[in-house]
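The block underneath contains the structure these notes are about, expressed in structure tokens.
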Amino acid sequence: MENTLFTINGKSDNLMEAKITGGPNQEVYQKWLSMNRGQSEVMRPLSQEYSQANKDGREAQAKKLMTQMDDLRDIQLDEKIGFLKANATVPVAAYLLNTISYNIKTPAQMESVVNAIPAKLKDHKYVASARETLEKMKLTAVGVIAPDFTQNDPDGKPVKLSDFRGKYVLLDFWAAWCGPCRGENPNVVKAYEKYQKKGFTVLGVSLDRDRDAWLKAIADDKLTWTQVSDLKYWDNEVAKQYGIRAIPANLLIDKKGKIVGRNLRGEELEKELAKLIK
Numbered sequence: 059m060e061n062t063l064f065t066i067n068g069k070s071d072n073l074m075e076a077k078i079t080g081g082p083n084q085e086v087y088q089k090w091l092s093m094n095r096g097q098s099e100v101m102r103p104l105s106q107e108y109s110q111a112n113k114d115g116r117e118a119q120a121k122k123l124m125t126q127m128d129d130l131r132d133i134q135l136d137e138k139i140g141f142l143k144a145n146a147t148v149p150v151a152a153y154l155l156n157t158i159s160y161n162i163k164t165p166a167q168m169e170s171v172v173n174a175i176p177a178k179l180k181d182h183k184y185v186a187s188a189r190e191t192l193e194k195m196k197l198t199a200v201g202v203i204a205p206d207f208t209q210n211d212p213d214g215k216p217v218k219l220s221d222f223r224g225k226y227v228l229l230d231f232w233a234a235w236c237g238p239c240r241g242e243n244p245n246v247v248k249a250y251e252k253y254q255k256k257g258f259t260v261l262g263v264s265l266d267r268d269r270d271a272w273l274k275a276i277a278d279d280k281l282t283w284t285q286v287s288d289l290k291y292w293d294n295e296v297a298k299q300y301g302i303r304a305i306p307a308n309l310l311i312d313k314k315g316k317i318v319g320r321n322l323r324g325e326e327l328e329k330e331l332a333k334l335i336k
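All residue numbers for the sequence shown refer to the working numbering, where the first residue is 59 and numbers rise by one.
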């Protein structure tokens with residue numbers, strides 16, 4: 059909290075809409091909230107139309123809308139990054155950067171904001187957290203060798219990522235309780251069935267904590283590839299190692315262990331595999 063006078067303007071029966079003013083941190087934060095509300099208003103009609111198309115079984119229209127939504131998310135993310143760079147001298151910007159780090163696709167995007175933060179703030183806890191996230195992103199960026207790990211499958215057998223060298227591997231972070239993950243599973247199943255005999259496989263890393271729910275989801279979604287978990291929820295050791303802060307998330311790894319793609323959704327996964335596997 060800043061050592062300054064704050065003013066709250068709003069109605070007592072709707073404090074969520076109240077406006078707080080006072081000090082540079084609060085000013086930047088209020089502008090951020092306003093920008094986010096505006097972005098949500100732009101996204102909402104597309105999201106509603108997408109949900110209705112799915113409900114009606116209009117698959118082609120749903121795919122078209124998903125592409126439009128993905129494109130809009132990219133535009134909105136660029137807007138957020140630009141805002142944070144422009145306000146990087148204010149400590150709250152580092153805090154806000156951490157809140158959207160799970161949406162940032164490349165280390166370069168993250169680094170552009172971190173580098174704009176003045177040296178006098180380098181020891182601030184939110185700046186330190188942002189730098190830690192950046193380093194994890196660099197370790198798992200496209201073009202680097204995927205860090206090896208070992209985690210147990212449902213039978214308690216240790217599985218290593220490096221066991222799959224010589225194959226294209228989709229490292230898939232998901233959970234039984236994650237609705238978007240379950241919605242994406244049919245796309246992964248489709249890609250797996252199409253390319254498994256051509257040197258492609260999937261290694262699922264579950265962020266579950268309920269073993270029975272995990273096993274039921276594997277069976278219900280017909281996930282026939284290798285699955286691992288330590289049942290530690292968001293404290294899953296592999297998820298922490300890879301800096302995973304939101305799911306579904308995935309990395310496509312080539313035969314030599316190099317990361318060649320990130321967060322490939324829907325048809326994107328099949329398109330990328332078609333380029334790599336002839």
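Where a beta carbon is used, it is the ideal one built from N, C-alpha and C, also for glycine.
The structure presented is a predicted model; accordingly, all values stated were derived computationally and were not measured.
Start and end residues, alpha helix (DSSP H) containing residue i
{"i": "Ser98", "result": "Pro82 to Asp114"}
{"i": "Gly237", "result": "Gly237 to Tyr253"}
{"i": "Arg189", "result": "Lys183 to Leu197"}
{"i": "Thr157", "result": "Val150 to Ile158"}
{"i": "Pro176", "result": "Premise fails: Pro176 is in no alpha helix (DSSP H) and is neither H nor E."}
Cα-Cα separation, residue i to residue j
{"i": "Gln88", "j": "Asn94", "result": "10 Å"}
{"i": "Asn83", "j": "Gln209", "result": "42 Å"}
{"i": "Gly224", "j": "Phe258", "result": "9 Å"}
{"i": "Leu322", "j": "Leu179", "result": "35 Å"}
{"i": "Leu63", "j": "Gly81", "result": "Its pLDDT being 44, under 50, Leu63 is placed unreliably in this model, and the value from its coordinates should be taken loosely. If you take the alpha carbons of Leu63 and Gly81, they lie about 8 Å apart."}
{"i": "Ala76", "j": "Trp90", "result": "Residue placement at Ala76 is poorly supported in this model, since its pLDDT is 49, which falls under 50; the coordinates still yield a value, given next. Approximately 15 Å, taken between the alpha carbons."}
{"i": "Glu326", "j": "Tyr253", "result": "14 Å"}
{"i": "Ala152", "j": "Ile302", "result": "19 Å"}
{"i": "Gln285", "j": "Ser105", "result": "31 Å"}
{"i": "Val185", "j": "Trp283", "result": "39 Å"}
Helix, strand or coil at residue i according to DSSP, with G and I counted as helix
{"i": "Trp292", "result": "helix"}
{"i": "Thr284", "result": "strand"}
{"i": "Ala144", "result": "helix"}
{"i": "Ala304", "result": "coil"}
{"i": "Leu73", "result": "Residue placement at Leu73 is flagged as unreliable, the pLDDT there being 42, under the threshold of 50; the coordinate-derived value follows with that caveat. It is a strand residue."}
{"i": "Lys329", "result": "helix"}
{"i": "Thr259", "result": "strand"}
{"i": "Ile203", "result": "strand"}
{"i": "Gln269", "result": "The residue asked about is misnamed: residue 269 is Arg in this sequence, not Gln. Correct three-state label for Arg269: helix."}
{"i": "Leu322", "result": "coil"}
{"i": "Lys336", "result": "coil"}
Paired residues, beta bridge with residue i - DSSP
{"i": "Ser264", "result": "Trp232"}
{"i": "Pro216", "result": "Asn210"}
{"i": "Ile311", "result": "Val227 and Ile317"}
Where the beta strand (DSSP E) containing residue i begins and where it ends
{"i": "Gln209", "result": "Thr208 to Asn210"}
Residues near residue i in its chain [Cβ-Cβ closer than 8 Å; skip 5 each side]
{"i": "Val202", "result": "Lys196, Lys316 and Ile317"}
{"i": "Ile139", "result": "Ile162, Gln167, Ser170 and Val171"}
Close Cβ partners of residue i (< 6 Å) along its chain, the five nearest in sequence each way excluded
{"i": "Ala234", "result": "Asp266, Ala271, Trp272 and Ala275"}
{"i": "Leu228", "result": "Val260, Asn308 and Leu310"}
Residues near residue i by beta carbon distance below 7 Å, same chain, minus five either side
{"i": "Ala249", "result": "Leu327, Glu328 and Leu331"}
{"i": "Phe231", "result": "Val263, Leu265, Ala297, Ile302, Ile305, Pro306, Ala307 and Asn308"}
{"i": "Gln119", "result": "Ala111"}
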